[in-house]
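Undergrad: Chains as they are written, first to last, in the numbering used here: chain P, 1 to 231; chain L, 232 to 462. Note that CB positions come from ideal geometry on N, CA and C, so glycine has one too. Below you will find the structure I want to go over with you.
Protein chains: 2
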Amino acid sequence: MTQTSSPPTHVPGDRAAPPDQATVDLLGLLAYGELTAFERMATDARMSPTLDDKIALAAMAAAEFSHFQAICEELDRLGVDREHAMAPFIGPLTAFHNSTAPADWLESLVKAYVGDNIAADFYREIAERLPSPSPSRELVLSVLDDTGHAAFAVDRVRAAIEVNPTVAGRLALWARRLVGEALTQAQRVGVDRDALTGLLVGVGDLDALAAIFNRIMAAHGRRMAALGLSA
Amino acid sequence: MTQTSSPPTHVPGDRAAPPDQATVDLLGLLAYGELTAFERMATDARMSPTLDDKIALAAMAAAEFSHFQAICEELDRLGVDREHAMAPFIGPLTAFHNSTAPADWLESLVKAYVGDNIAADFYREIAERLPSPSPSRELVLSVLDDTGHAAFAVDRVRAAIEVNPTVAGRLALWARRLVGEALTQAQRVGVDRDALTGLLVGVGDLDALAAIFNRIMAAHGRRMAALGLSA
Numbered sequence: 001m002t003q004t005s006s007p008p009t010h011v012p013g014d015r016a017a018p019p020d021q022a023t024v025d026l027l028g029l030l031a032y033g034e035l036t037a038f039e040r041m042a043t044d045a046r047m048s049p050t051l052d053d054k055i056a057l058a059a060m061a062a063a064e065f066s067h068f069q070a071i072c073e074e075l076d077r078l079g080v081d082r083e084h085a086m087a088p089f090i091g092p093l094t095a096f097h098n099s100t101a102p103a104d105w106l107e108s109l110v111k112a113y114v115g116d117n118i119a120a121d122f123y124r125e126i127a128e129r130l131p132s133p134s135p136s137r138e139l140v141l142s143v144l145d146d147t148g149h150a151a152f153a154v155d156r157v158r159a160a161i162e163v164n165p166t167v168a169g170r171l172a173l174w175a176r177r178l179v180g181e182a183l184t185q186a187q188r189v190g191v192d193r194d195a196l197t198g199l200l201v202g203v204g205d206l207d208a209l210a211a212i213f214n215r216i217m218a219a220h221g222r223r224m225a226a227l228g229l230s231a
Numbered sequence: 232m233t234q235t236s237s238p239p240t241h242v243p244g245d246r247a248a249p250p251d252q253a254t255v256d257l258l259g260l261l262a263y264g265e266l267t268a269f270e271r272m273a274t275d276a277r278m279s280p281t282l283d284d285k286i287a288l289a290a291m292a293a294a295e296f297s298h299f300q301a302i303c304e305e306l307d308r309l310g311v312d313r314e315h316a317m318a319p320f321i322g323p324l325t326a327f328h329n330s331t332a333p334a335d336w337l338e339s340l341v342k343a344y345v346g347d348n349i350a351a352d353f354y355r356e357i358a359e360r361l362p363s364p365s366p367s368r369e370l371v372l373s374v375l376d377d378t379g380h381a382a383f384a385v386d387r388v389r390a391a392i393e394v395n396p397t398v399a400g401r402l403a404l405w406a407r408r409l410v411g412e413a414l415t416q417a418q419r420v421g422v423d424r425d426a427l428t429g430l431l432v433g434v435g436d437l438d439a440l441a442a443i444f445n446r447i448m449a450a451h452g453r454r455m456a457a458l459g460l461s462a
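What follows is the structure in structure tokens.
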């Protein structure tokens, strides 16, 4: 496990105490995650079958962009260069999205609901282990509280399954692929970013790590059930 | 010239005086215009060569979506159904965007700068002829003041021409095609929407109409010159 990039750059006029590496990493990861979520949802909105659906997905995309801006402002406040903070995560997040481009509207809904919520749960487990209290930690948790609900996806997917029950199998496979690709990229990030991994390893024992993993997968299972899909 | 759709639907609890058809048409046209501009810019952000450029275009897209929301709230306030107001303009705006999909990053910048500003100028000429004072008129004018600047496009396009002067010819042709396609669709809207056309025809004589057209084309010429392109 090697830290591949240099420490964060501090710009002149820094008004905050030098941030720890784990905070910078989580802010950079989340910032680029929000930016790519914005792009993807805005692009997927083109596939929407109705104007209402298009507006719902576009509104989610715009919300992701305002999260992105809030995190960038926090990086500015910490005196950390934005691009520097995001750079280590561009590769893994781009690879994730390239390998999980939705083929149709239903796949994009499942990705918005299942994918974004599982990512948000994972980020939340990390954020809760950041030094507390800190403005960065509070910002990340509040952004995550406002991310990835996509409750309207549940109605749409359930309605589609009612009309044609065979789509449930295809979408369940799709959700499994999303989780698999996400784990692959999370693993890749973990190998490179000691500070982030350290927070989770810092929980002390394997039982505690297993509890985190189980919490995330249990929440995932509940969302799959809400969609009418087998996990 | 026939009005193809029925009058605007008034929902219960209408708090405002029944709006005139020209106001409803302009709000509907602008709302759908902002929604498609959002989609297009967010999609084009994927072609951006740098993270800075991606963020700049994504920020413009998010601003368009907040305009869209403001106009939708005004339609709600007037008791006019949003979809009903937008419906007559979905065909022409979709046709415009389908016939002018940018092939690369520079074409998308020229479209954002040249296309959106010429549309904004055209909408502004109409808005200034709406009954005054009215909240709808003020909202439209303030949204338009905040639309389509894309000043960063000027730097990027000029820099690209400096590196490779031959792109200037291609981009000038592209801009001419944008204007041609926009006029085609504006004409199509004009044939169907008597109320909007009436505002412009209401200026009284051909000289006044020619003055409007000349103002719009003069501003377009100044933008082309700013980009380093021949109009």
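From which residue to which residue does the alpha helix (DSSP H) around L:S373 run?
TA: For the purposes of this step, residue 373 of chain L is identified with residue 142 of the second sequence, where counting begins at 1. Taken as a continuous stretch (DSSP letters only), the alpha helix (DSSP H) holding L:S373 covers P366 to D376.
Undergrad: Can you name the residues of chain L whose CB is closer than 8 Å to the CB of P:L35?
TA: For the purposes of this step, residue 35 of chain P is taken as residue 35 along the first sequence, with counting starting at 1. Per Cβ cutoff of 8 Å: K285, I286 and A289.
Undergrad: Under a Cβ-count criterion, where at least 16 other Cβ atoms within 10 Å of its own Cβ denotes burial, should L:N445 be classed as buried or exposed?
TA: The count along the second sequence starts at 1 and reaches residue 445 of chain L at position 214. With fewer than 16 Cβ atoms within 10 Å of its Cβ, L:N445 is classed as exposed.
Undergrad: At the 8 Å Cβ level, is L:A292 part of the contact set with chain P, yes or no?
TA: If you number the second sequence from 1, residue 292 of chain L lands on position 61. It does; some Cβ of chain P falls within 8 Å.
Undergrad: With distance defined between alpha-carbon atoms, name the residue in P:V189, P:R222 and P:A231 nearest to P:G28.
TA: On the first sequence, position 28 is the one that residue 28 of chain P refers to. Taking only the C-alpha atoms, the option nearest P:G28 is P:V189.
Undergrad: Tell me the rounded alpha-carbon separation between L:D347 and P:K54.
TA: The residue given as residue 347 of chain L occupies position 116 in the second sequence. The residue given as residue 54 of chain P occupies position 54 in the first sequence. Roughly 21 Å between the two C-alpha positions.
Undergrad: Tell me the start and end of each unbroken alpha helix (DSSP H) in the stretch 313–375 of chain L that is at least 4 residues and wholly inside, in chain order.
TA: For the stretch 313–375 of chain L, whole alpha helix (DSSP H) runs of length 4 or above, ordered along the chain, are 313–330, 336–341 and 347–358.
Undergrad: Skipping 5 residues on each side, what residues in its chain have a beta carbon closer than 7 Å to that of P:R223?
TA: Position 223 of the first sequence, counting from 1, holds the residue named residue 223 of chain P. Excluding sequence neighbours, P:R223 sits near Y113, V114 and N117.
Undergrad: Residues in the same chain with beta-carbon distance under 8 Å from L:E305, minus the five sequence neighbours each way, listed in chain order, please.
TA: The residue you call residue 305 of chain L lines up with position 74 of the second sequence. The residues are L258, P366, S367 and L370.
Undergrad: Mapping DSSP to helix, strand and coil, what is P:N214?
TA: Residue mapping note: residue 214 of chain P aligns to position 214 of the first sequence, counting from 1. Helix.
Undergrad: In whole angstroms, what is the alpha-carbon distance linking P:R193 and P:A150?
TA: Taking the first sequence and counting its residues from 1, one reaches residue 193 of chain P at position 193. Taking the first sequence and counting its residues from 1, one reaches residue 150 of chain P at position 150. Rounded to the nearest angstrom, the two C-alpha atoms are 30 Å apart.
Undergrad: Does L:S297 get closer than 8 Å to chain P when you measure Cβ to Cβ?
TA: Here residue 297 of chain L refers to the residue found at position 66 when the second sequence is read from its first residue. Yes - at least one Cβ of chain P is within 8 Å of the one on L:S297.
Undergrad: Name the residue from L:W336, L:R313 and L:F269 whose alpha carbon lies nearest to the alpha carbon of P:R46.
TA: Counting from 1 along the first sequence, the entry for residue 46 of chain P is found at position 46. If we check each option's Cα against that of P:R46, L:F269 comes out closest.
Undergrad: In angstroms, rounded to a whole number, what distance separates the CA positions of L:G411 and P:A103?
TA: As a working mapping, residue 411 of chain L is identified with position 180 in the second sequence. As a working mapping, residue 103 of chain P is identified with position 103 in the first sequence. Roughly 34 Å separates the two Cα atoms.
Undergrad: Where L:W336 and P:M217 are concerned, what is the direct C-alpha to C-alpha distance, given to the nearest angstrom?
TA: Here residue 336 of chain L refers to the residue found at position 105 when the second sequence is read from its first residue. Here residue 217 of chain P refers to the residue found at position 217 when the first sequence is read from its first residue. Their Cα atoms are separated by approximately 40 Å.
Undergrad: Hey, out of P:Q185, P:L199 and P:R40, whose CA is closest to P:A127's CA?
TA: Reading the first sequence from its first residue, position 127 is the one you call residue 127 of chain P. Measuring from the Cα of P:A127, the nearest candidate turns out to be P:L199.
Undergrad: Apart from the five residues just before and just after P:S108, which ones in its own chain have a Cβ nearer than 7 Å to its Cβ?
TA: Mapped onto the first sequence, residue 108 of chain P falls at position 108. Hits under 7 Å: D44, M47 and P102.
Undergrad: Cutting at 6 Å between CB atoms, please list the residues of its own chain near P:R156, excluding the five before and the five after it.
TA: Sequence index remark: in the first sequence, residue 156 of chain P carries index 156 (1-based). Only L109 meet the Cβ criterion.
Undergrad: Determine, using beta-carbon pairs with one atom in the stretch 59–66 of chain P and one in the stretch 286–293 of chain L, whether at least three such pairs fall under 8 Å.
TA: Yes: the two stretches touch, three or more of their Cβ pairs being nearer than 8 Å.
Undergrad: Can the beta-carbon of P:L35 be found less than 8 Å from the beta-carbon of P:V154?
TA: As a working mapping, residue 35 of chain P is identified with position 35 in the first sequence. As a working mapping, residue 154 of chain P is identified with position 154 in the first sequence. For P:L35 and P:V154, no; Cβs fall outside 8 Å.
Undergrad: In the DSSP assignment, find the alpha helix (DSSP H) that holds L:D386 and state where it starts and stops.
TA: Translated into the one-based positions of the second sequence, residue 386 of chain L becomes position 155. Its alpha helix (DSSP H) spans residues A382 to V394.
Undergrad: Please classify L:T397: does DSSP put it in a helix, a strand, or coil?
TA: For the purposes of this step, residue 397 of chain L is taken as the residue at position 166 of the second sequence. Coil, per DSSP.
Undergrad: Within 8 Å (strictly less), CB to CB, does P:E83 reach chain L?
TA: Translated into positions along the first sequence, residue 83 of chain P becomes position 83. Yes, P:E83 counts as interfacial toward chain L.
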